[in-house]
Every structure is written in structure tokens, then in C-alpha cells.
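Going from the sequence shown to the working numbering is simple: count from 1 and add 3.
Note that CB positions come from ideal geometry on N, CA and C, so glycine has one too.
To start, the structure itself, in C-alpha cells.
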Amino acid sequence: MIMNLAYLKQHLWALTITLFVVLLLPGRVNALDPTEFFRQGSIYLEQGKLGPAIVAFTEAIQQDASYVEAYNNRALAYYEQGNNDQAQADFLKALELDPDNEIANSNLGILLFEKGDYENAIAYLERAIDTTKQFKPHHAVIFRNLAFVYEKIGIEDKAEISIETALAIERNCNKNISLTGQCSQRSTGRGGIDHVLVLKVWPKK
4 MIMNLAYLKQ HLWALTITLF VVLLLPGRVN ALDPTEFFRQ GSIYLEQGKL GPAIVAFTEA
64 IQQDASYVEA YNNRALAYYE QGNNDQAQAD FLKALELDPD NEIANSNLGI LLFEKGDYEN
124 AIAYLERAID TTKQFKPHHA VIFRNLAFVY EKIGIEDKAE ISIETALAIE RNCNKNISLT
184 GQCSQRSTGR GGIDHVLVLK VWPKK
């Protein structure tokens, strides 16, 4: 029986990553904690190396099944691969663990919008804002995403309010503020510049 080439490549890739960790980190494999795998996965994600990113985030999750940020970032990697169902499952798992997580709520809202589920998209985007106690620079992006969805479904008044709020946040932001360790913006790669996803990244050292 001839093995499917894509299947073979996928599993050989996973094996390569495992060997990389074992061979290049002798004596340290057991010492690596979930945050180290998460940090490395976030770096891979920023570099567009989606396969290695998923492997790293999966390892972090296997070591800590309650790692909300790892579920969120793995979902983003799946999303960029075009695997929306798996991405949605990971966003939902993140929210099962932390229902008020604004990043996962915002990301899931965008994903549902792209799937045509506008009602739930708005619900998750609104929840991302409602759970916020103090606005930070990246909240402007969430308000712009929400305004975009409102406008698409014809709720012009709420779209205008959301845009005004986003502009107010942007005016109050120090453009030199570093968001490292908090969040960074990542284009969805689909739909032009209409909206962006917000992903949580581990601080670089």
C-alpha cells in the first residue's frame, strides 16, 4: 500500500522536531517547562513556521493542560493553515478555561465572522470588550474589528461608536509603548486590512 505523501511528510516533520529537541538540548529535555515551549512556539508563529509552532504549543499543552495562551496561539497557527475547525476548537477550549479572556474572545469572534456566523461573532467580540477593566493600546484593534462587523451587518450607529472609541484609545496611546509580553497584532492573511487577529506572545529575552 502506498502511503499518502502529505501524511508521511506531516509525521516525518513531527519526528524531526522531536529529534531536534532531543539532540540539541541534551540533559535539558526534562527541564524544559511549558512556558519555554510556549515561547518557542510563539517565535515560530511570528516567523510563519506553522508546523513547528503547532508542535511546540502542543507540547506546552501536554505538560500543562490549563495553558490558555498556548491554546490561543495554537488556534492561530491552525487558522493560518486554513484549519478553521481545529482553530475554533482551541479557541473554545481557551475560553472554557478562562471565559473572560479578551484575546481568545476577540479571535473567536473574527473566526466566526469569517464563517458567516455574525450573531455569535458579535457576541464574542462584545465580550472581549465587556471583560476589559482598563483599555490598553491593543483594545483599539478589538474595537475596530467590532466596528467592521457592525458595519457589515448594517448596525451603523454601533459601528460609529466603536470607531470613535478606537480612535480615542489610539490618541491616548504612547506610540513608543512596547507591547512585548502583552499582545501583538497579526494580520489574518485573508480579507485584506479589514480586520486583524490579536495574539498573545511570550516576552522575548
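Assignment of alpha helix (DSSP H) within the stretch 50-76, counting only whole runs of 4 or more residues, yields 53-66 in chain order. Following the DSSP letters along the chain, one finds I172 inside the alpha helix (DSSP H) bounded by residues E159 to N175. Taking 7 Å as the cut-off, the beta carbon of A63 is found no closer than this to the beta carbon of A80.
P37 counts as buried, since at least 16 other C-beta atoms from the protein chains shown sit within 10 angstroms of its C-beta. The beta-carbon separation of A59 and Q43, rounded to 5 Å, stays under the 8 Å limit for a contact. The alpha-carbon of Q66 is positioned some 24 Å away from that of L111. When DSSP states are grouped into helix, strand and coil, P140 belongs to the coil group.
The beta carbon of Y127 lies closer than 6 Å to those of N108, L111 and G112 in the same chain, with the five residues before and after it left out. Going by DSSP, K96 is part of the alpha helix (DSSP H) stretching over N87 to L100.
Using a Cβ distance threshold of 7 Å, F41 and A68 do not count as a contacting pair. The straight-line gap separating the alpha-carbon atoms of D93 and C176 is approximately 31 Å.
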